[in-house]
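Heads up: the structure comes next, in structure tokens.
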Amino acid sequence: MKVKAAIIGSGNIGTDLMYKLERSPYIELTTMIGIDPESDGLKRAKERGYATFDNGIQGLVDNPDLADIVFDATSAKTHVRHAKILKELGKFAIDLTPAARGPFVSPVVNLEENIEGDNINMITCGGQATIPMISAINSVADVSYAEIVATISSESAGPGTRANIDEFTITTRRGIEEVGGADKGKALIILNPAEPPILMRDTIYCEVKNMDEQKITESIKAMVERVKEYVPGYRLKQEPLFDGNRVTVFIEVEGAGDYFPPYAGNLDIMTAAAVKAGENVAKHLAKRLSM
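Each residue of the sequence shown is one higher than the one before, starting from 1 at the first, in full-length UniProt numbering.
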């Protein structure tokens, strides 16, 4: 049994999400919602046979039976309003903005404990790339401080990304602490204008209380394999570096090339993580609906 889903936001994120959801064995995408009738996302969705609306969330309010799960790929400020409406409609919201109306979720770290609610937040691209590593280190070494630097191509930073940079740093820091398990966290983002565009690269720096190089390395590599199940282009750039009570991890993320170019791993990891979370939510809802 597939669970029906809608996408709000017909920009780059929403459009890439559409292509990924089409491959899902658990989710039936029915609807794409935007505000610009000329957007590429709405045009492509209409061509592929989905219901499309250009009057924003009102399209779902007027047609609530179209979806049980709603992926919000708009902006942080917009999702604050959407969250209230979706809750009233009884829809499960998967928020790809930094609004954080629901709990922070990394699919490989804490999804199952948050699946009974009605709104989950996918943190940020930097959070999805780095928090699994922090969690892996924390599980064996107790992280007292974690700092991440997400470096992305300027070409893959659209208006939404640029408008949400403040939210990115705040939300990612909170995710590092609340999901990754670090006692204290810090997040930075760098937009690199290099040509040709670079792949997404993340540096994760952790100070730990219980240093064990072998256990930390094993935990990191095991987590990389788990993330690769839904982000095939996720990889260690080199072996972890150790210095006293410090460990540094270098991650590279190459996108799947569904709608974004492969260098836009920062955008691809968000949509891939959202699909992974959505599929688990769909399986849970399907069980509940079949009772």
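Note that beta-carbon positions come from the ideal geometry of N, C-alpha and C, so glycine has one too. Only a predicted model underlies this, so the values are computations on that prediction, with no experimental measurement involved.
- Taken in chain order, the complete alpha helix (DSSP H) segments of 4 or more residues contained in the region 151-196 are 159-163 and 165-178.
- The three-state reading of DSSP puts D95 in strand, counting E and B together.
- For E47, the enclosing alpha helix (DSSP H) stretches over residues D40 to E47.
- In the displayed model, K4 falls within a strand according to three-state DSSP.
- In the same chain as L17, and ignoring 5 residues on each side of it, the C-beta atoms closer than 8 Å to its own belong to I7, F71, A73, L96, T271, A274 and V275, in chain order.
- Taking all protein chains in view, the Cβ of L86 is crowded by 16 or more other Cβ atoms within 10 Å, so the residue is classified as buried.
- A straight line joining the alpha-carbon of G34 with that of P98 spans about 19 Å.
- Boundaries of the alpha helix (DSSP H) around M18: N12 to L21.
- Judged by their CB atoms, V247 and I137 are nearer to each other than the 9 Å cut-off.
- For T217, same chain residues with a beta-carbon under 8 Å away, outside a window of 5 residues either side, are E239 and P240 in chain order.
- Per the C-alpha coordinates, the member of Q214, F250 and G255 positioned closest to A150 is F250.
- Excluding its 5 nearest sequence neighbours in each direction, H82 has C-beta neighbours in its own chain below 6 Å: I57 and D72, listed in chain order.
- By the 16-neighbour rule on beta-carbons within 10 angstroms, A222 is exposed.
- Listed in chain order, the non-local C-beta contacts of E279 below 7 Å within the same chain comprise S24, Y26 and I27, local neighbours out to five positions each way being set aside.
- Apart from the 5 residues on each side of it in sequence, V208 sits with its Cβ closer than 7 Å to the Cβ of I137, A141, D142, V143, S144, N245 and V247 in its chain, given in chain order.
- Assignment of N138 by DSSP, reduced to helix, strand and coil, places it in the helix class.
- Between T169 and L188, the gap from beta carbon to beta carbon is short of 9 Å.
- By the criterion of a C-beta distance shorter than 7 Å, N114 is surrounded in its chain by P103, V105 and I120, once the five residues flanking it on both sides are discounted.
- Within the DSSP secondary-structure output, I27 pairs in a beta bridge with V3.
- As the crow flies, the alpha-carbon of F260 is around 19 Å from that of E47.
- Exposure of G49 is indicated by the presence of fewer than 16 other C-beta atoms within 10 angstroms of its C-beta.
- Comparing alpha-carbon positions, the option among C206, E116 and P132 lying closest to D243 turns out to be C206.
- Just so you know, the alpha carbons of G175 and I94 end up roughly 16 Å apart.
- With contacts defined as CB atoms closer than 9 Å, Y263 and I198 qualify as a contacting pair.
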